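Each residue of the sequence shown is one higher than the one before, starting from 52 at the first, in my numbering.
In this text, a Cβ means the ideal position worked out from N, Cα and C, and glycines have one as well.
Keep in mind it's a predicted model, so treat the numbers as computed, not measured.
Single-structure report; data block below.
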Amino acid sequence: MRIFDPHIHMTSRTTDDYERMAAAGVRAVVEPASWLGQPRTSVDTFVDYFDSLIGWEPFRAGRFGVRHHATVALNPKEANDTRCRPVLDLLPRYLDKDGVVAVGEIGYDSMTLAEDAAFAGQLALAVAHDLPALVHTPHRDKARGVARTLAVVAESGIDPGRVLVDHLNEVTVELVRDTGCWLGFSIYPETKMSPPRMVELLRAYGTERMLVNSAADWGRSDPLLTRDTGEAMLLAGFTEDDVDRVLWRNPVEFYGQSGRLDLADLGGPRG
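This is how it looks when you write it as structure tokens:
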């Protein structure tokens with residue numbers, strides 16, 4: 052089983068995690084820029100963070116045979132902090148870097164006016180830099196947040212096929228299914244989705260444009276839940292090809308739209 056985790060925050064994980072992931076079949080990851088759990092107080096801290104995402108973290112991952120790519124953005128939570136908003140002017144410098152395969156995470160946390168502006172502005176950056184967009188949907192009032200997300204995506208003019216709407220569940224999957232966007236599901240030990248619930252959604256909606264991630268970060272999470280989901284699919288009667296589509300080919304196809312995905316020596320494309 053080969054696994055591409057399309058959303059995981061390895062900055063928050065240990066080298067032991069990389070070792071376990073490699074042994075479980077994780078060959079590639081995408082790490083989205085995210086909130087680190089404590090407010091950042093200046094743009095300079097983002098410079099250091101972004102530099103780490105495209106420099107140190109790919110090196111660290113590579114020591115365990117895992118290919119690391121990143122997405123870069125001002126995340127929704129910090130879009131509400133006036134100290135952080137100048138990051139939007141910094142982003143073009145990083146969106147031209149080879150290891151950056153999308154603009155993200157963008158979208159909504161509390162659905163404020165500041166988040167509206169940051170979301171629309173960063174979708175425009177995705178269009179301008181010819182990159183896909185990874186969209187975070189809010190943890191609270193999720194159905195309303197997803198509906199608002201889709202309205203902003205439609206207004207932006209970005210091709211829906213270049214948008215991944217993440218953190219979906221049984222309540223929101225139908226809102227996104229027929230929009231042309233890609234659908235992301237985060238598998239967590241207690242919250243979000245579980246492997247059995249994900250299997251039921253795959254039974255109901257199929258495997259096309261469906262991505263499964265661990266979204267593992269500094270909170271209670273598990274970077275091996277992608278593997279657990281693949282095993283649950285096999286036990287439920289899905290084929291190995293179905294598992295490969297969800298856990299490998301779908302994320303490769305989505306992020307491959309950036310032209311920067313380098314999996315040449317991992318059994319996948321370069322560019």
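- Task: State yes or no: is the beta carbon of residue 278 nearer than 8 Å to at least one beta carbon in chain C?
- Result: The structure shown contains no chain C; it holds only a single protein chain.
- Helix, strand or coil for residue 233, going by three-state DSSP, please let me know. strand
- Query: Taking the alpha-carbon positions, what's the residue 87 to residue 129 distance?
  - Reply: 10 Å
- Item | Beta-bridge partners of residue 295, as assigned by DSSP | Per the DSSP secondary-structure output, residue 295 pairs with nothing in a beta bridge.
- Quick one: what does DSSP say residue 156 is sitting in, helix, strand or coil? strand
- Query: Which stretch, first to last residue, makes up the alpha helix (DSSP H) that contains residue 220?
  - Reply: Here residue 220 belongs to no alpha helix (DSSP H), and DSSP marks it neither H nor E.
- Let me know the secondary structure DSSP gives residue 117 once reduced to three states. coil
- Query: What residue does the beta strand (DSSP E) around residue 261 start on, and which one ends it?
  - Reply: Segment 261–264, the beta strand (DSSP E) holding residue 261.
- Message: For residue 78, report the span of its alpha helix (DSSP H) as first-last.
- Response: That residue, residue 78, is in no alpha helix (DSSP H); its beta strand (DSSP E) goes 77–83.
- Query: Hey, residue 200 and residue 256: beta-carbon distance below 8 Å or not?
  - Reply: In this structure, residue 256 does not lie closer than 8 Å to residue 200 by Cβ.
- Would you decide whether residue 265 is buried or exposed? Buried here means 16 or more other CB atoms lie within 10 Å of its CB. buried
- Determine, using beta-carbon pairs with one atom in the region 57–70 and one in the region 111–121, whether at least three such pairs fall under 8 Å. Between the region 57–70 and the region 111–121, the count of Cβ pairs shorter than 8 Å is three or higher; the stretches touch.
- Query: Name the DSSP beta bridge partners of residue 105, please?
  - Reply: DSSP, once it has assigned bridges, lists no residue as partnering residue 105.
- Message: Using a 10 Å radius around the Cβ and a threshold of 16 neighbouring Cβ atoms, would you call residue 191 buried or exposed?
- Response: Under a 10 Å Cβ-count criterion, residue 191 is classified as exposed, with fewer than 16 other Cβ atoms of the shown protein chains found around its own Cβ.
- Message: Using a Cβ distance threshold of 8 Å, determine whether the region 170–185 contacts the region 205–221, with at least three qualifying pairs required.
- Response: Yes, the region 170–185 is in contact with the region 205–221.
- Would you identify the three-state DSSP class for residue 52, choosing helix, strand or coil? coil
- Taking the alpha-carbon positions, what's the residue 291 to residue 134 distance? 48 Å
- Query: Is residue 138 closer than 8 Å to residue 105 when the C-beta atoms are compared?
  - Reply: no
- Throw me the rounded Cβ distance for the residue 297 and residue 261 pair, which I believe falls under 8 Å. 6 Å
- Task: List the DSSP bridge partners of residue 122.
- Result: 83 and 153
- Message: Which of the three DSSP states is assigned to residue 182 in this structure?
- Response: In the structure shown, residue 182 sits in coil (DSSP, three-state: anything other than H, G, I, E or B).
- Task: Could you give the DSSP three-state label for residue 162: helix, strand or coil?
- Result: coil
- Distance between residue 306 and residue 82 (C-alpha atoms, nearest Å): 12 Å
- Query: Taking the C-alpha atoms as reference points, what is the distance between residue 143 and residue 166?
  - Reply: 19 Å
- Return the residue from the list 58, 101 and 52 that minimises the CA-CA distance to residue 268. 58
- Message: On the DSSP letters alone, give me the boundaries of the alpha helix (DSSP H) that residue 252 sits inside.
- Response: 246–256
- Query: Helix or strand or just coil, what does DSSP make of residue 139?
  - Reply: helix
- On the three-state DSSP scale, how would you describe residue 174? helix
- Query: With distances taken between CB atoms, is the gap from residue 84 to residue 55 smaller than 8 Å?
  - Reply: No, Cβ-Cβ distance for residue 84 and residue 55 is not below 8 Å.
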